[in-house]
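J.: A single structure is presented below for examination.
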Amino acid sequence: MFKDYRPVWEEINLDNLVYNIRQIKLKVGNNKGLIGIVKANAYGHGALEVSQVLLENGVNRLAVSELDEAIELRENGIKAPIMILGIVPDTFLNDIIDYDVEPVVPSYEYASKLSKVAKSKWKTAKIHVAVDTGMGRIGFQPNENSIEEIYNMSKLPNIEIQSLFSHFSTSDEKDKTYSHEQFEKYKTFYNELISRKIKINLRDIANSAAIMELQDTYCDAVRPGIIIYGYYPSDDVDRNDLSIKPVMSLKAKVAYVKTLEAGKYVGYGRKFKSERESVIATLPIGYADGYTRMLSGKAKVIVNGKFAPVVGNICMDQCMIDVTAVGEVNVGDEVILMGEKNGLKFDAEDIAKTIGTISYEILCSISRRVPRVYIKDGEIIKIRNYLK
């Protein structure tokens, strides 16, 4: 495996990915559409490979954040509808039509420009309309002016409104009051649009947390994100509501081993000083790979069936671990930096808690210079190296 690849890799367990999708389908039922969120390279898991598995297992649509993400999928053979959650600059309207992707339209002016491009190409622009029910990010305000603007958009030639969507800001919290308020605003706004005879194909608002705990918000389709990848949105959600398994592990092979006498320093800034004779192993992974420097002196890894601490400051391309207490360690031995084995666990959620962030950020941070190794039924079925 490592003849042509650096000995740092991300393992993607496709069996766990399929398990998660099936659990989500069981939760929401067969009569609801599934919009699989694969933005940010499928939360670091590899957008193309993940999309293929999702579509093979009941996901109807995909959603990304940027136009380039959608184009990457199209150019690699993905035919399913692709929603772009972010706002694409109007300088790329030709690409939107040529690649048959579905943008969020922020205004009548934008829709009018898109309509003209679509008409010139004898195509229909499939668009999504966002309503800001309380997230404060993007979307029309739920008022009469917006209704009029969306009505005018709907009358433009070669324009088809695929969905009216919104996004919960606190659905992962125990108190669901604000989420209920958002949903009421959403329903009211939708009904007002329908009363104006505006044709809207889909209603979707439920994110991962809402899928778990707000069944009345499922509407026509749901948008699972983090739960696809085996992590819960927060500690506040009831985890008994959905069984999921982490999909990603991060691994490396030991590059160098040395014995230091007591009183020696390790790493930039001399942050670690050996208090005894210590065996230090160097791993060929650093913050440029997404193994953040904030884990310096805080993280632990799994090696030889035991935990070993990360010592010294994590470098751009390397980091050091103290393996004094874990038995004999040699160059080439496998180390798990994120994941679990034989009852030991230090996964993305544990890493996130260690440095005060969320699992989403940890997963998305793994850079494209780390090869992705796809595992199915215990066997490697594909290796994706973005640098080759």
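Just so we're aligned: the sequence shown equals residues 19 to 406 in the working numbering. Just so you know, even glycine gets a beta-carbon here, dropped at the ideal spot from N, CA and C.
1. Using C-beta distances below 8 Å, list every residue in its chain close to I393, excluding the 5 sequence neighbours before and after it, in chain order.
2. Excluding the five sequence neighbours on either side, which residues of its own chain have a C-beta within less than 8 Å of the C-beta of Q41, listed in chain order?
3. Just to confirm my understanding: we take G154, look at its own chain, exclude 5 residues before and 5 after, and list those with CB closer than 8 Å. What are they?
4. In the structure shown, what three-state DSSP assignment does C333 receive?
5. When DSSP labels each residue in this structure, what does F186 get in the three-state scheme?
6. Please state whether DSSP places Y274 in a helix, a strand or coil.
7. Ignoring anything shorter than 4 residues, give me the alpha helix (DSSP H) runs that lie fully in the region 340 to 388, in order along the chain.
8. Here's a check: name, in chain order, each residue in its chain whose Cβ is nearer than 8 Å to the Cβ of Y305, leaving out the five neighbours to either side.
9. What residue ranges within the region 56 to 138 form continuous beta strand (DSSP E) runs of no fewer than 3 residues, ordered along the chain?
10. Run the CB neighbour count on Q200, radius 10 Å, all protein chains shown included, and call it buried at 16 or more, exposed below.
11. Here's the rule I'm using: 16 or more other beta-carbon atoms within 10 Å means buried, otherwise exposed. How should V255 be labelled?
12. Can you tell me which of G248, E178, I376 and A299 puts its alpha carbon nearest to the alpha carbon of Y37?
13. Just to check my reading of the structure: S296 and G281 have Cβ atoms closer than 8 Å, yes? What is that Cβ distance to the nearest angstrom?
14. Cutting at 6 Å between CB atoms, please list the residues of its own chain near K276, excluding the five before and the five after it.
15. Leaving out five residues before and five after P175 in sequence, what residues of the same chain have Cβ atoms less than 7 Å from its Cβ?
16. Taking R155 as part of the alpha helix (DSSP H), name the residues at either end of that continuous run.
17. Have a look at I229 and D351 and give me their C-alpha separation to the nearest angstrom.
18. Following the continuous beta strand (DSSP E) through Y392, name the residue where it begins and the one where it ends.
19. Taking 8 Å as the cut-off, does the region 107 to 125 touch the region 84 to 94 (at least 3 CB pairs, one atom from each stretch)?
20. Determine the direct distance from the alpha carbon of A227 to that of D193, and round the result to whole angstroms.
21. With DSSP collapsed to three states, give me the class of G287.
22. If you draw a straight line from the alpha carbon of I212 to that of L91, how long is it in whole angstroms?
23. Buried or exposed for L381, going by 16 or more other Cβ atoms inside 10 Å?
24. Considering only their Cβ atoms, is the gap separating K359 from I384 smaller than 7 Å?
25. Take Y196 and list the residues in its own chain whose beta-carbon comes closer than 6 Å to its own, dropping the five residues that flank it on each side.
26. I'd like to confirm the pairing. Which residues does DSSP put opposite M171 in its beta bridges?
27. Have a look at A98 and L73 and give me their C-alpha separation to the nearest angstrom.
28. For S222, list the residues DSSP reports as bridge partners.
29. Over what stretch of residues does the alpha helix (DSSP H) that includes K205 continue unbroken?
30. Measuring only the C-alpha atoms, how far is I245 from N75?
31. Excluding the 5 residues preceding and the 5 following L407 in the sequence, name in chain order all residues of the same chain whose CB lies nearer than 6 Å to its CB.
32. Kindly list the residues whose CB is nearer than 7 Å to the CB of A270, restricted to its own chain and excluding five residues on each side of it in sequence; keep chain order.
33. Quick one: what's got a C-beta closer than 6 Å to K324's C-beta in the same chain, skipping five residues either side?
34. My assumption, with CB atoms under 8 Å, is that Y208 sits in contact with L182. Please give the rounded CB distance.
35. Looking at the secondary structure, which residues open and close the beta strand (DSSP E) in which V319 lies?
36. Run through the DSSP bridge pairs and tell me what R402 is partnered with.
T.: Working from what's here:
1. Residue 393 sits at position 375 when you count from the first residue of the sequence shown. Answer for I393: E29, I30, N31, L32, D33 and I399, listed in chain order.
2. Taking the sequence shown and counting its residues from 1, the one referred to as residue 41 is at position 23. Correct list, in chain order: L260, S261 and I262.
3. Taking the sequence shown and counting its residues from 1, the one referred to as residue 154 is at position 136. The beta carbon of G154 sits closer than 8 Å to the beta carbons of S187 from its chain, once the five residues preceding and following it are set aside; these are given in chain order.
4. As a position in the sequence shown, residue 333 is number 315, starting the count at 1. Here C333 sits in coil by DSSP.
5. Within the sequence shown, residue 186 is the residue found at index 168, counting from 1. The answer is coil: DSSP assigns F186 none of H, G, I, E or B.
6. Taking the sequence shown and counting its residues from 1, the one referred to as residue 274 is at position 256. Y274 falls in the strand class under three-state DSSP.
7. You should have 366 to 373 and 377 to 383.
8. Position 287 of the sequence shown, counting from 1, holds the residue named residue 305. Contacts found: R311, I332, C333 and M334.
9. Within the region 56 to 138, the complete beta strand (DSSP E) segments at least 3 residues long are 79 to 82 and 100 to 102, listed from N- to C-terminus.
10. Residue 200 sits at position 182 when you count from the first residue of the sequence shown. Answer is buried; the Cβ neighbour count reaches 16.
11. As a first step, residue 255 must be located in the sequence shown, where it is residue number 237. Classification for V255: buried.
12. Taking the first residue of the sequence shown as position 1, residue 37 is located at position 19. For Y37, the nearest C-alpha among the options comes from G248.
13. In the sequence shown, counting from the first residue as 1, residue 296 sits at position 278. In the sequence shown, counting from the first residue as 1, residue 281 sits at position 263. That pair is no contact at about 10 Å.
14. The sequence position of residue 276 within the sequence shown is 258, counting from 1. Same-chain partners within the cutoff: I298.
15. Counting from 1 along the sequence shown, the entry for residue 175 is found at position 157. Only S133 and K137 meet the Cβ criterion.
16. Working through the sequence shown from its first residue, we reach residue 155 at position 137. Premise fails: R155 is in no alpha helix (DSSP H) and is neither H nor E.
17. Sequence index remark: in the sequence shown, residue 229 carries index 211 (1-based). Sequence index remark: in the sequence shown, residue 351 carries index 333 (1-based). Separation of I229 and D351 (C-alpha to C-alpha, rounded to the nearest whole angstrom) is 41 Å.
18. For the purposes of this step, residue 392 is identified with residue 374 of the sequence shown, where counting begins at 1. Run containing Y392: R390 to K394, per the beta strand (DSSP E) assignment.
19. yes
20. Indexing the sequence shown from 1 puts residue 193 at position 175. Indexing the sequence shown from 1 puts residue 227 at position 209. Cα-Cα distance, rounded: 12 Å.
21. Residue mapping note: residue 287 aligns to position 269 of the sequence shown, counting from 1. Three-state result, G287: helix.
22. Counting from one through the sequence shown, the residue named residue 212 turns up at place 194. Counting from one through the sequence shown, the residue named residue 91 turns up at place 73. Taking the straight line from one Cα to the other gives about 33 Å.
23. Locating residue 381 in the sequence shown gives position 363, counting from the first residue. Label assigned to L381: buried.
24. Here residue 384 refers to the residue found at position 366 of the sequence shown. Here residue 359 refers to the residue found at position 341 of the sequence shown. Not in contact: I384 and K359 (Cβ atoms no closer than 7 Å).
25. To locate residue 196, count along the sequence shown from 1; it is residue 178. Excluding sequence neighbours, Y196 sits near T188.
26. Here residue 171 is taken as the residue at index 153 of the sequence shown, counted from 1. DSSP lists no partner for M171.
27. One-based indexing of the sequence shown puts residue 98 at position 80. One-based indexing of the sequence shown puts residue 73 at position 55. Cα to Cα, A98 sits roughly 8 Å from L73.
28. Stepping through the sequence shown from its first residue, residue 222 is reached at position 204. Checking the displayed sequence, the identity of residue 222 turns out to be Asp instead of Ser. According to the DSSP secondary-structure assignment, D222 is paired through a beta bridge with F183 and A239.
29. For the purposes of this step, residue 205 is taken as residue 187 along the sequence shown, with counting starting at 1. Note, K205: alpha helix (DSSP H), T195 to S213.
30. In the sequence shown, residue 245 corresponds to position 227, counting from 1. In the sequence shown, residue 75 corresponds to position 57, counting from 1. Cα-Cα distance, rounded: 15 Å.
31. Outside the shown range of the chain (19 to 406) lies residue 407, about which nothing can therefore be said.
32. Position 252 of the sequence shown, counted from the first residue, corresponds to residue 270. Cβ neighbours of A270 beyond the five flanking positions: P25, V26, L301, P302, I303, V353 and L355.
33. Counting from 1 along the sequence shown, the entry for residue 324 is found at position 306. These residues qualify, in order along the chain: V344.
34. Within the sequence shown, numbered from 1, the residue matching residue 208 stands at position 190. Within the sequence shown, numbered from 1, the residue matching residue 182 stands at position 164. The pair is a contact, with the Cβ atoms about 6 Å apart (cut-off 8 Å).
35. By one-based count along the sequence shown, residue 319 stands at place 301. Where V319 is concerned, the enclosing beta strand (DSSP E) stretches over K318 to V321.
36. Counting from one through the sequence shown, the residue named residue 402 turns up at place 384. DSSP, once it has assigned bridges, lists R390 as partnering R402.
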